[in-house]
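Student: Quick one: structure below, then a few questions.
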Amino acid sequence: MIRPDADTLLEIVDLHARVEDKPILKGVNLTIKAGEIHAVMGRNGSGKSTLSKVLAGHPAYTVTGGSVRYRGADLLNLEPEQRARLGLFLGFQYPVEIPGVSNLEFLRVSTNARRMEKGEEELDTFAFEDLVRERLQVVQMDPAFLERSVNEGFSGGEKKRNEILQMALLDPLVAILDETDSGLDIDALRIVAGGVNHLASPENATLLITHYQRLLDVITPDYVHVMAGGRILRTGGKELALELEDRGYDWVDQELAVLEVA
Amino acid sequence: MVAAMSNSAAVAASTWVTSFLERLPAPAGELEAVQWRGREALSRQPLPSRRQEDWRFTDLAPLTALAPAPASSSAQGSWPAPAADVFRLWLDDSDDLLNGQSLPAGLGLLSSDEVQQALGHTLAACNCEQHWPVELNQASATRVLALRVSGAVAPTLELVSQAAEDSVMRPVRVLLLLEEKASLEVLQIQLGSACSLSSLVMEAHLGRESTLRHGLLALGEGQACFLGHLAVEQEPRSHLESVWASHGWALSRFEPRVVQVDGEATTTLKALQVAGGQQVVDTHSRVEFRGPEGQLDQLHKAIADDRGRSVFNGAVKVPRAAQRTNASQLSRNLLLSNQARIDTKPELEIVADDVRCAHGATVSRLQTDELFYLQSRGLSAAVAAGLLKRGFCEEVLRALPAAAAAWRPLQRMLGEG
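Chains as they are written, first to last, in this note's numbering: chain A, 22 to 283; chain B, 729 to 1145.
In structure tokens, the structure reads:
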């Protein structure tokens, strides 16, 4: 939902970043306002996932230039956990398995970290169980998953549902979903997308990172951005995604080549 | 210079043994003969040195810094009350090991004739009766808790020993004979603090189709040292599950040795050892299959932090007679500081040709991706690291007998008091 008077949540200006000695982001510009759903599309290696990890604060990536403001304040000098507590959420492309750490306990600690930041009271074990059982319905997840170790032995679809469950509990202002559709069959995709749609509101914003149009059939973006060579090359409405689906990425490569020569 | 130093170290080691022997009271009681034997052996056997392969990574300096002597029992600590399904014995030096309680159904004390006959049998079968820490125990232990197990024993047998004063040595000796089809769960609690020494020698003979679930929780602090030895003989179709966890000792060395006398038995060994500060924690395990179709499932985990040092040596012997043995051994280690050190070594000796023996060892730091995942959900780096360490420990600790929970092993392992 595009509203000209909506608050700006995230403002990325000329962002450069590298991993080890390799520059990946080469000047990303992107502004996201409350209520909006953005999709970033692009080939493998275009920098999409790097963008999501830099925003969440992954230590392997070094920002070499530009700025990111989150609700008007500098995001990049915050620790990853501070970003999360302030309402920035990253749904992982490959959620990490953590043997021996109970999913329920993990979800409770993380939910309380966010609640404390919002000035809400911490939930005890019982109150949290009530909350989590209610939110499980958003992703139609079996409560048995709560008793298992975090993501351990979960199928690809179950891991992604667990990500959306975390999103439902953490109530983020900006949710970045990194290839949440990858590895999902059509039913799982429908459930995950249903969860994302359910959680979208005029107060928050979503940034979908994806390869394929099919996610955008079930979550309608307000903006579609095409990324290549570490930059956003073109921005349009949802019809841009359809164009990509139609024409492939070759024309993007040609545009990029022209740009890099210039 | 080097020769001079090692020479003076050798002198110090022999002085330590001599003065230890001098502090011992005259041999007496039901173990008099064993004490004579142990003392004689110690007077001939020098303290193990790092020139011996078996002790290469294990510096005994924390032990030689102590001046231990067996002492009469001290006040009982503030221990958790035993749960209803736990039968607790406090093994420290009182006259009546049973403290006036009667043993639960299925457990009976061996007669002194039976003790004479059986004591040391399993140590010899496991080829460790002349092992230095064993001789140290034999030289000083004045009594043995010797039990026959018949049928299924319902309560968990909890054996507690505590050495809490300077210069105190607490030698514990246990002998268990499990008859055919008997089953027992034992939890040993070894507590040590101040400049004390805890010494444990336990022998168990598992008759056919018997089951022993054994847990050892060794919790130390300060300068306290622990030397433990477990020797188990398994008859066919018997089951042994032994889970041990060690934390907080200046020096801890535990040596479980298992012999499957005729194969066809199952052995499960799980361990967690934690070394922080300048602590040394060492496990030397040895499993030998003397017949076919035996099974072993072994998991050894260690955490080394600060300048701590963890040693694991896991020997598995599969001679020609042990066809169709199925053994697996995994050593997983967390190295949390640049000055900590981990030595881990599987030692598989396989002669039989039709066997499955898998082994593996990993040493790693906390994984960046795991930490980042937790941080990206609002957990601070410290809380995230704590959660990951907890997960690492839980895999072993949850396999301890349920009665162990009262001793709060996880909190102890994580240094949360």
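Cβ atoms here follow ideal geometry from the backbone N, Cα and C, with glycine treated the same way.
It should be emphasised that the depicted structure is a prediction, and the values quoted were computed from it without experimental measurement.
1. Give the range of the alpha helix (DSSP H) segment to which Glu184(A) is assigned.
2. If you compare alpha carbons, which of Phe147(A), Glu281(A) and Gln158(A) is closest to Gly215(A)?
3. Mind pulling the alpha helix (DSSP H) runs of 4 or more residues that sit fully within the region 55-123 of chain A?
4. If you check the beta carbons only, do Ala1113(B) and Leu1094(B) fall under 8 Å apart?
5. Residues in the same chain with beta-carbon distance under 6 Å from Val239(A), minus the five sequence neighbours each way, listed in chain order, please.
6. Could you name the residues of the region 72-85 of chain A whose beta carbon sits closer than 8 Å to any beta carbon of chain B, in the order they occur along the chain?
7. Locate the beta strand (DSSP E) running through Lys1117(B), then write down its first and last residues.
8. Of all Cβ atoms in chain B, is any one closer than 8 Å to the Cβ of Ala278(A)?
9. When you compare the CB of Ala732(B) with every CB in chain A, is at least one pair closer than 8 Å?
10. At 4 residues or longer, and completely inside the region 788-871 of chain B: list those alpha helix (DSSP H) runs for me, N to C.
11. Within the same chain, show all residues whose beta-carbon is closer than 6 Å to that of Arg1084(B), passing over the 5 residues directly before and after it, in chain order.
12. What are the partner residues of Lys1029(B), as DSSP defines its beta bridges?
13. Please determine, among Pro790(B), His967(B), Arg779(B) and His975(B), the residue with the shortest C-alpha to C-alpha distance to Leu1125(B).
14. List the residues of chain B that Glu102(A) touches, going by C-beta distances under 9 Å, in chain order.
15. Assess contact between the region 1062-1081 of chain B and the region 1097-1106 of chain B, defined as three or more Cβ pairs (one per stretch) separated by less than 8 Å. Is contact present?
16. So for Pro899(B), helix, strand or coil by DSSP?
17. Closer than 8 Å by C-beta to Glu281(A): which residues in its own chain qualify, once you throw out the five before and the five after it? Chain order, please.
18. Going along chain A in order, which residues have a C-beta closer than 9 Å to the C-beta of Gly1119(B)?
19. Whole angstroms is fine: what's the gap from Glu969(B)'s alpha carbon to Pro798(B)'s?
20. Within its chain, find whatever has a CB closer than 6 Å to the CB of Val171(A); leave out the 5 residues flanking it on each side and keep chain order.
21. Kindly say whether Val130(A), judged by its beta-carbon, lies nearer than 8 Å to any beta-carbon of chain B.
22. Would you mind sorting Lys43(A) into buried or exposed? The rule is 16 or more other CB atoms within 10 Å of its CB.
23. Please identify, using Cβ separations under 7 Å, the residues of the region 1077-1104 of chain B that lie next to chain A, in order along the chain.
24. Spell out the partners DSSP gives Arg1052(B) in its beta bridges.
25. With DSSP run on the structure shown, which of helix, strand or coil describes Ala732(B)?
26. Applying the criterion that 16 or more other CB atoms from any shown protein chain within 10 Å of the CB defines a buried residue, is Thr71(A) buried or exposed?
27. State the Cα-Cα distance for the pair Val1015(B) and Phe166(A), rounded to the nearest angstrom.
28. Are Gly108(A) and Pro223(A) close, meaning C-beta to C-beta below 8 Å?
29. What do you get for Lys1117(B), buried or exposed, if any count of 16 or more other CB atoms within 10 angstroms of its CB means buried?
30. Please check the pair Ala1132(B) and Val814(B), which I expect to be a contact at CB under 8 Å, by giving their CB distance rounded to whole angstroms.
31. On the criterion of 16 or more Cβ atoms from any shown chain inside 10 Å, does Gly948(B) qualify as buried, or is it exposed?
32. Pick out whichever of Arg981(B), Ala846(B), Val1008(B) and Gly1004(B) has its Cα sitting closest to the Cα of Val872(B).
33. Would Asp1097(B) and Gln1051(B) be called neighbours here (beta carbons separated by less than 8 Å)?
34. Is there a Cβ from chain B that is less than 8 Å from the Cβ of Gln187(A)?
35. With DSSP as the reference, identify every bridge partner of Asn1041(B), one or two as the case may be.
36. Show which residues of chain B have a CB atom less than 8 Å away from the CB atom of Phe289(A).
Tutor: Looking at the coordinates:
1. As a working mapping, residue 184(A) is identified with position 163 in the first sequence. Residues Gly177 to Leu191.
2. Position 194 of the first sequence, counted from the first residue, corresponds to residue 215(A). Ranking the options by Cα distance to Gly215(A), first place goes to Gln158(A).
3. 69-77 and 101-106
4. Walking along the second sequence from the start, residue 1113(B) turns up at place 385. Walking along the second sequence from the start, residue 1094(B) turns up at place 366. Against a cut-off of 8 Å, the Cβ pair of Leu1094(B) and Ala1113(B) comes out as a contact.
5. For the purposes of this step, residue 239(A) is taken as residue 218 along the first sequence, with counting starting at 1. Excluding sequence neighbours, Val239(A) sits near Ala214.
6. Ala77, Gly78, His79, Pro80 and Ala81
7. Counting from 1 along the second sequence, the entry for residue 1117(B) is found at position 389. Not the beta strand (DSSP E): Lys1117(B) falls in the alpha helix (DSSP H), residues Ala1109 to Leu1125.
8. Taking the first residue of the first sequence as position 1, residue 278(A) is located at position 257. No, Ala278(A) does not count as interfacial toward chain B.
9. One-based indexing of the second sequence puts residue 732(B) at position 4. Confidence in Ala732(B) is poor, its pLDDT being 44 and thus under 50, which makes the residue's placement unreliable; the coordinate value appears in the next sentence. Chain A, which has no Cβ nearer than 8 Å to the Cβ of Ala732(B), makes this no.
10. 789-792, 840-846, 849-853 and 860-868
11. For the purposes of this step, residue 1084(B) is taken as residue 356 along the second sequence, with counting starting at 1. Counting only Cβ-Cβ distances below 6 Å, and skipping sequence neighbours, we find Asn1054.
12. Within the second sequence, the letter at position 301 stands for residue 1029(B). Paired residues: Leu1000(B) and Arg1060(B).
13. Mapped onto the second sequence, residue 1125(B) falls at position 397. Checked all of Pro790(B), His967(B), Arg779(B) and His975(B); the closest Cα to Leu1125(B) is His975(B).
14. Locating residue 102(A) in the first sequence gives position 81, where the first residue counts as 1. Going along chain B in sequence order, the residues near Glu102(A) (Cβ under 9 Å) are Leu1102, Gln1103, Ser1104, Arg1105, Gly1106, Leu1107, Ser1108, Ala1109, Val1111 and Ala1112.
15. Output reads no: the region 1097-1106 of chain B does not touch the region 1062-1081 of chain B.
16. Working through the second sequence from its first residue, we reach residue 899(B) at position 171. Note: Pro899(B) maps to strand in three-state DSSP.
17. In the first sequence, counting from the first residue as 1, residue 281(A) sits at position 260. Contacts found: Gly250.
18. Start at 1 with the first residue of the second sequence, and residue 1119(B) comes out as number 391. Going along chain A in sequence order, the residues near Gly1119(B) (Cβ under 9 Å) are Ile119, Pro120, Gly121, Val122, Ser123, Ser170 and Val171.
19. Along the second sequence, read from residue 1 onward, the residue named residue 969(B) stands at position 241. Along the second sequence, read from residue 1 onward, the residue named residue 798(B) stands at position 70. When rounded, the separation of the alpha-carbon atoms in Glu969(B) and Pro798(B) is 31 Å.
20. Counting from one through the first sequence, the residue named residue 171(A) turns up at place 150. Excluding positions up to five away in sequence, the list reads Ile119, Val122, Asn124 and Phe127.
21. Stepping through the first sequence from its first residue, residue 130(A) is reached at position 109. Yes, because at least one Cβ of chain B sits closer than 8 Å to the Cβ of Val130(A).
22. Position 22 of the first sequence, counting from 1, holds the residue named residue 43(A). Flag for Lys43(A) reads exposed.
23. Thr1096, Asp1097, Glu1098, Phe1100, Tyr1101, Gln1103 and Ser1104
24. Here residue 1052(B) refers to the residue found at position 324 of the second sequence. BP columns for Arg1052(B) are empty, so no partner.
25. Numbered from its first residue, the second sequence carries residue 732(B) at position 4. Residue placement at Ala732(B) is flagged as unreliable, the pLDDT there being 44, under the threshold of 50; a coordinate-derived value is accordingly withheld.
26. Along the first sequence, read from residue 1 onward, the residue named residue 71(A) stands at position 50. It counts as buried.
27. Here residue 1015(B) refers to the residue found at position 287 of the second sequence. Here residue 166(A) refers to the residue found at position 145 of the first sequence. Using only the alpha carbons, I get a separation of about 37 Å.
28. Numbered from 1 along the first sequence, position 87 holds the residue referred to as residue 108(A). Numbered from 1 along the first sequence, position 202 holds the residue referred to as residue 223(A). No, Cβ-Cβ distance for Gly108(A) and Pro223(A) is not below 8 Å.
29. Residue mapping note: residue 1117(B) aligns to position 389 of the second sequence, counting from 1. Result: buried.
30. As a working mapping, residue 1132(B) is identified with position 404 in the second sequence. As a working mapping, residue 814(B) is identified with position 86 in the second sequence. Here Ala1132(B) is actually not in contact with Val814(B); their C-beta atoms are around 10 Å apart, not less than 8 Å.
31. Reading the second sequence from its first residue, position 220 is the one you call residue 948(B). When all chains shown are included, Gly948(B) counts as buried.
32. In the second sequence, counting from the first residue as 1, residue 872(B) sits at position 144. Among Arg981(B), Ala846(B), Val1008(B) and Gly1004(B), the Cα nearest to that of Val872(B) is on Ala846(B).
33. Here the question's residue 1097(B) lines up with position 369 in the second sequence. Here the question's residue 1051(B) lines up with position 323 in the second sequence. No, the pair does not count as a contact, with Cβ atoms beyond the cut-off.
34. Residue 187(A) sits at position 166 when you count from the first residue of the first sequence. By this cut-off, Gln187(A) is an interface position.
35. Within the second sequence, numbered from 1, the residue matching residue 1041(B) stands at position 313. Within the DSSP secondary-structure output, Asn1041(B) pairs in a beta bridge with His1012(B) and Lys1073(B).
36. Residue 289(A) lies beyond the residue range present for chain A, which begins at 22 and ends at 283; the question has no answer from this structure.
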